[in-house]
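See structure below.
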Amino acid sequence: MKSRGQVFLIFIAILSILFFGFLLLSEDKEKNSKTISVPTENPKNLEKKMQFVDSLYEQKNMFFFESELDAFASEEEQWQQGLSDIEYAKVCKWFYINYQNISELDKAKTFLLKGSKKLDSTENKDEFVRFKNNLAFIESRFENFDLATKLYFEGLDILKNDTLNEIYSILTYNLGNAFRENGDLDIAIDYYKKSKRVIDTIASIETIENIGHQNGFYHGNIGYAYALQNQNEKANFHLKKAVSEFRAHDYLHESNIVASALASNYIDQGKLKEADSLLEGILETSEENRQWEVYVESCISLFKLNIQQGKTEKAFQIIDQGLEKIGSSNSNRLRLKIYETKAEHFRNIQDYEKAFENLEKQIELKDSVFDITQNEMLRELSVKYQTDRKNDQIQQLEVINSKEKRIKQIYLFGLLLVFLILIFIFMLLRRISEQKKALQQANQTKDQLFSIIAHDLRSPMLALQGMGDLIHYYIQKKDEEKLLNLGEQTKSALGRINHLLQNLLEWALANKNQINFKPESLEISKLVQDNLKLIETMSFAKQIKIETEIENQNLLLDKAMMSTVIRNILSNAIRFSPAESEIKISGKIETDSYLLSIKDQAGGIPEDILKKLKLNDEQLVTGQGKDSVGLGLQLIKLFVKKNQGKLEINATKNGTLIKIYLPLPVTGDIKNSQ
Numbered sequence: 081m082k083s084r085g086q087v088f089l090i091f092i093a094i095l096s097i098l099f100f101g102f103l104l105l106s107e108d109k110e111k112n113s114k115t116i117s118v119p120t121e122n123p124k125n126l127e128k129k130m131q132f133v134d135s136l137y138e139q140k141n142m143f144f145f146e147s148e149l150d151a152f153a154s155e156e157e158q159w160q161q162g163l164s165d166i167e168y169a170k171v172c173k174w175f176y177i178n179y180q181n182i183s184e185l186d187k188a189k190t191f192l193l194k195g196s197k198k199l200d201s202t203e204n205k206d207e208f209v210r211f212k213n214n215l216a217f218i219e220s221r222f223e224n225f226d227l228a229t230k231l232y233f234e235g236l237d238i239l240k241n242d243t244l245n246e247i248y249s250i251l252t253y254n255l256g257n258a259f260r261e262n263g264d265l266d267i268a269i270d271y272y273k274k275s276k277r278v279i280d281t282i283a284s285i286e287t288i289e290n291i292g293h294q295n296g297f298y299h300g301n302i303g304y305a306y307a308l309q310n311q312n313e314k315a316n317f318h319l320k321k322a323v324s325e326f327r328a329h330d331y332l333h334e335s336n337i338v339a340s341a342l343a344s345n346y347i348d349q350g351k352l353k354e355a356d357s358l359l360e361g362i363l364e365t366s367e368e369n370r371q372w373e374v375y376v377e378s379c380i381s382l383f384k385l386n387i388q389q390g391k392t393e394k395a396f397q398i399i400d401q402g403l404e405k406i407g408s409s410n411s412n413r414l415r416l417k418i419y420e421t422k423a424e425h426f427r428n429i430q431d432y433e434k435a436f437e438n439l440e441k442q443i444e445l446k447d448s449v450f451d452i453t454q455n456e457m458l459r460e461l462s463v464k465y466q467t468d469r470k471n472d473q474i475q476q477l478e479v480i481n482s483k484e485k486r487i488k489q490i491y492l493f494g495l496l497l498v499f500l501i502l503i504f505i506f507m508l509l510r511r512i513s514e515q516k517k518a519l520q521q522a523n524q525t526k527d528q529l530f531s532i533i534a535h536d537l538r539s540p541m542l543a544l545q546g547m548g549d550l551i552h553y554y555i556q557k558k559d560e561e562k563l564l565n566l567g568e569q570t571k572s573a574l575g576r577i578n579h580l581l582q583n584l585l586e587w588a589l590a591n592k593n594q595i596n597f598k599p600e601s602l603e604i605s606k607l608v609q610d611n612l613k614l615i616e617t618m619s620f621a622k623q624i625k626i627e628t629e630i631e632n633q634n635l636l637l638d639k640a641m642m643s644t645v646i647r648n649i650l651s652n653a654i655r656f657s658p659a660e661s662e663i664k665i666s667g668k669i670e671t672d673s674y675l676l677s678i679k680d681q682a683g684g685i686p687e688d689i690l691k692k693l694k695l696n697d698e699q700l701v702t703g704q705g706k707d708s709v710g711l712g713l714q715l716i717k718l719f720v721k722k723n724q725g726k727l728e729i730n731a732t733k734n735g736t737l738i739k740i741y742l743p744l745p746v747t748g749d750i751k752n753s754q
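Residues in the sequence shown are numbered consecutively from 81, following the working numbering.
Structural data, given as structure tokens:
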């Protein structure tokens with residue numbers, strides 16, 4: 081049953097349609113002489129329109145180019161009349177090329193699909209295969225490499241034995257790209273070479289108009305593949321050849337892409353002057369032509385170059401510009417590359433906090449790479465709103481110019497409509513406000529989950545670092561027996577960490593909307609022992625003895641939460657306790673609860689951290705570095721509370737005593753949980 085708000089919105093929509101219908105019916109039959117629309121009743125006018133749009137692109141008048149291109153696409157019902165299937169397919173290909181040039185990949189794909197449906201695979205074999213190839217190229221831009229590879233092979237099946245064919249060369253070349261993106265570099269190089277052999281054979285028989293373009297792509301992509309294999313001499317040779325071929329034939333866009341890749345290769349090899357020369361002017365030209373992929377790739381190369389030259393501030397200005405300029409196409413892939421570049425830089429200068437921040441952004445973006453995020457949806461809605469608003473303004477101007485005589489007649493109707501629209505906007509804004517609150521709550525839960533995962537993994541990873549120091553020590557001492565023993569312990573520790581990571585990720589996935597309490601019947605002694613195994617390596621590295629005296633009891637607990645509580649307390653105790661000290665764990669049934677106690681010799685918890693425990697649970701969202709102990713204690717407080725327990729922290733003579741009071745279940749609860 082529809083709500084009153086929905087009925088009201090439908091009523092406004094119907095009233096708006098009736099209002100504009102009234103305006104259309106009241107228009108004079110003669111057209112306004114100032115209209116910018118170009119008639120497309122016949123192929124001749126259609127060709128003029130296409131030439132007009134092409135001229136805007138050549139003049140780099142990108143704003144009007146995109147406006148006219150979209151307007152032309154919206155007139156499809158008019159211009160497709162009288163066209164044969166072949167002619168219609170050619171126009172669709174023209175739209176694909178133009179939308180692909182401005183990275184509007186969804187629209188480019190739409191016209192490719194429309195055009196391919198009009199082609200017969202037997203009568204128009206070559207053109208049909210070209211459409212398949214272009215569809216595969218678009219899918220690869222969307223990172224659907226498996227689907228792209230499938231489409232390329234379908235094209236080869238249609239060609240069959242017709243191998244001395246330019247489109248056959250293009251298909252094998254693009255297959256090389258697909259395998260390269262999947263990491264199969266040797267296979268990719270084989271396909272690039274096969275493509276080159278076909279082109280060279282055809283060129284020896286007949287003239288190929290775009291031979292420079294194809295040679296440029298061959299050298300550029302095989303050079304990039306060699307660079308990924310760290311074969312720098314071969315990579316530099318082919319990348320330089322590609323830049324030379326593209327510039328010789330005035331392919332500015334392609335030459336900039338390859339020049340950016342070659343410059344990145346030079347920077348890695350320490351050839352900074354050569355890199356600087358290649359990158360000069362690329363940002364300006366790519367921004368002018370709205371070629372955002374080239375722009376961002378160049379920003380990354382310039383970031384590396386300025387870092388090498390000691391110009392850190394300028395480097396970050398450039399890479400942040402790249403992040404701002406990323407358009408809707410390939411945005412996730414390019415953002416991932418920027419975060420990866422930043423993280424690598426901070427890791428190299430040992431600023432692990434900022435490196436971890438960028439890695440967190442990278443992981444978060446990877447997790448959502450196949451879904452449209454809330455920010456992207458808002459951005460797309462904003463773009464659509466602005467486009468609709470612009471079209472409404474144009475329509476209103478045309479109506480005003482052609483219908484000045486009727487302004488007084490429709491004035492009252494206009495006021496009424498404005499009043500209703502204001503009410504509609506008010507309701508819409510209120511709904512957006514509610515959605516914003518829900519989004520903030522979801523983001524807060526997400527941040528908590530990231531904090532939990534990061535903190536739980538930190539201690540075992542620090543322990544492994546300590547094991548690395550021991551391995552180095554035993555290697556110097558040439559103590560093979562201890563090395564073998566340490567190797568087994570390291571292998572076991574890695575297995576437990578992997579198990580911990582899997583559990584954490586599954587738990588985080590299950591709690592992605594909010595952290596829920598999911599109790600089950602658990603043996604408290606087994607729960608403690610399982611978590612002791614995970615920090616065993618850490619205690620071994622410091623030769624800390626852990627004694628346990630636990631009275632076993634089945635309790636209704638959330639396993640993931642209580643495991644996090646136990647691990648955090650023990651890891652902090654080990655971390656701050658002196659070497660060869662002792663930690664005691666005890667558990668016993670009291671009057672109306674089960675008391676789990678952990679006592680260490682770590683010297684006590686600072687007062688400022690204990691004060692943080694008085695904060696509300698909602699404030700627990702982040703925590704790294706020197707505040708990580710406070711974060712761990714806040715997590716403990718939050719999870720103990722969710723398990724209906726109570727937390728006490730007491731200072732002892734030389735350490736800390738932490739007491740956790742957990743509720744004892746009634747018999748019926750235990751049976752139900754099992």
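Glycine included, each C-beta is placed from N, C-alpha and C at the ideal position. From a predicted model like this one, the values you see are computed outputs, not experimental measurements.
*Compare the beta carbon distance of Ile654 and Ile678 with 8 Å and say whether it is the shorter of the two.*
no
*By how many angstroms is the C-alpha of Lys622 removed from the C-alpha of Ile740?*
26 Å
*State the DSSP-derived secondary structure class of Ile678, mapped to helix, strand or coil.*
strand
*Proximal residues to Leu332 (C-beta, below 7 Å), its chain only, five neighbours per side dropped*: Thr365
*Rounded to the nearest angstrom, how far is the Cβ of Cys172 from that of Leu149, given a contact under 8 Å?*
That pair is no contact at about 13 Å.
*Looking at the unbroken alpha helix (DSSP H) that takes in Lys27, where does it start and where does it end?*
No statement about residue 27 is possible, as the shown extent of the chain runs from 81 to 754 and does not include it.
*The alpha helix (DSSP H) enclosing Ile362, as first and last residue numbers*: Ile362 to Glu368
*Just curious, the alpha helix (DSSP H) that Leu215 is in, first and last residue?*
Lys205 to Arg221
*How would you label Val498, buried or exposed, when you count the other beta carbons within 10 angstroms and need 16 or more for buried?*
Exposed: under 16 other Cβ atoms inside 10 Å.
*Mind reading off the beta-carbon distance from Ala763 to Ile347? Whole number of angstroms is fine, and I expect it under 8 Å.*
Because residue 763 is not part of the residues shown, which for the chain are 81 to 754, the question remains open.
*Excluding the 5 residues preceding and the 5 following Ser661 in the sequence, name in chain order all residues of the same chain whose CB lies nearer than 7 Å to its CB.*
Ile624 and Gln681
*For Glu631, which of helix, strand or coil comes out of DSSP?*
It is coil, neither helix nor strand.
*With DSSP as the reference, label Asn598 as helix, strand or coil.*
Sequence check: residue 598 is Lys here, not Asn. In this structure, Lys598 counts as coil in the three-state DSSP scheme.
*Determine the burial state of Tyr179: buried for a count of at least 16 other Cβ atoms within 10 Å of its Cβ, exposed for fewer.*
buried
_Proximity below 8 Å, CB of Ser249 to CB of Ile279_ = yes
*Taking 8 Å as the cut-off, decide whether the C-beta atoms of Leu439 and Ala423 are in contact.*
yes
*Length of the line joining the Cα atoms of Leu612 and Leu255*: 51 Å
_Backbone secondary structure at Asn295 - three-state DSSP_ = helix
*Per DSSP, what kind of secondary structure is Tyr741 in: helix, strand or coil?*
Per DSSP, reduced to three states, the secondary structure at Tyr741 is strand.
_Am I right that Ile669 and Leu744 are in contact with their C-beta atoms under 8 Å? What's the rounded C-beta distance?_
7 Å
_Of the residues Phe620, Pro599 and Glu627, the one placed nearest Val608, counting alpha carbons only_ = Glu627
_Which of helix, strand or coil DSSP assigns to Val746_ = Correct three-state label for Val746: coil.
*Sort Ile182, Leu566, Thr252 and Leu215 by Cα distance to Met618 and report the nearest one.*
Leu566
*Leaving out five residues on either side along the sequence, give the residues of the same chain with a beta carbon under 6 Å from the beta carbon of Lys111.*
Note that Lys111 scores a pLDDT of 37, beneath 50, so its modelled location is shaky and nothing firm can be said.
*Leu244, enclosing alpha helix (DSSP H) - first and last residue*: Unbroken run through Leu244: none, as it is neither H nor E.
*Would you call the CB atoms of Lys395 and Ile406 closer than 8 Å?*
In the sequence on display, residue 395 carries Ala and not Lys. Their beta carbons are not under 8 Å apart, which means Ala395 does not touch Ile406 by this criterion.
*Check whether the Cβ atoms of Tyr298 and Lys314 lie closer than 8 Å to each other.*
no
*Which residues mark the beginning and the end of the alpha helix (DSSP H) in which Asn316 is found?*
Asn312 to Ala328
*What are the start and end residues of the alpha helix (DSSP H) that includes Glu660?*
Here Glu660 belongs to no alpha helix (DSSP H), and DSSP marks it neither H nor E.
*Locate the beta strand (DSSP E) running through Lys726, then write down its first and last residues.*
Lys726 to Ala731
*Pick from Lys197, Glu156, Gly303 and Val720: whose alpha carbon is nearest that of Ser344?*
Residue nearest to Ser344 within the set Lys197, Glu156, Gly303 and Val720 is Gly303 (criterion: CA-CA distance).
*8 Å Cβ cutoff met for Leu358 and Ala339*: yes
*Identify, in the order they occur along the chain, each residue of the same chain with its Cβ nearer than 6 Å to the Cβ of Ala307, setting aside the five sequence neighbours on each side.*
Ala315 and Asn345
_Under the three-state DSSP convention, the category Gly667 falls into_ = strand
*Measure the beta-carbon distance from Phe217 to Leu199 and round it to whole angstroms, keeping in mind my assumption that it falls under 8 Å.*
With 8 Å as the limit, Phe217 and Leu199 do not qualify as a contact, their Cβ atoms being about 17 Å apart.
*DSSP state of Gln754, grouped into three classes?*
Residue placement at Gln754 is poorly supported in this model, since its pLDDT is 36, which falls under 50; the coordinates are not used for a value here.
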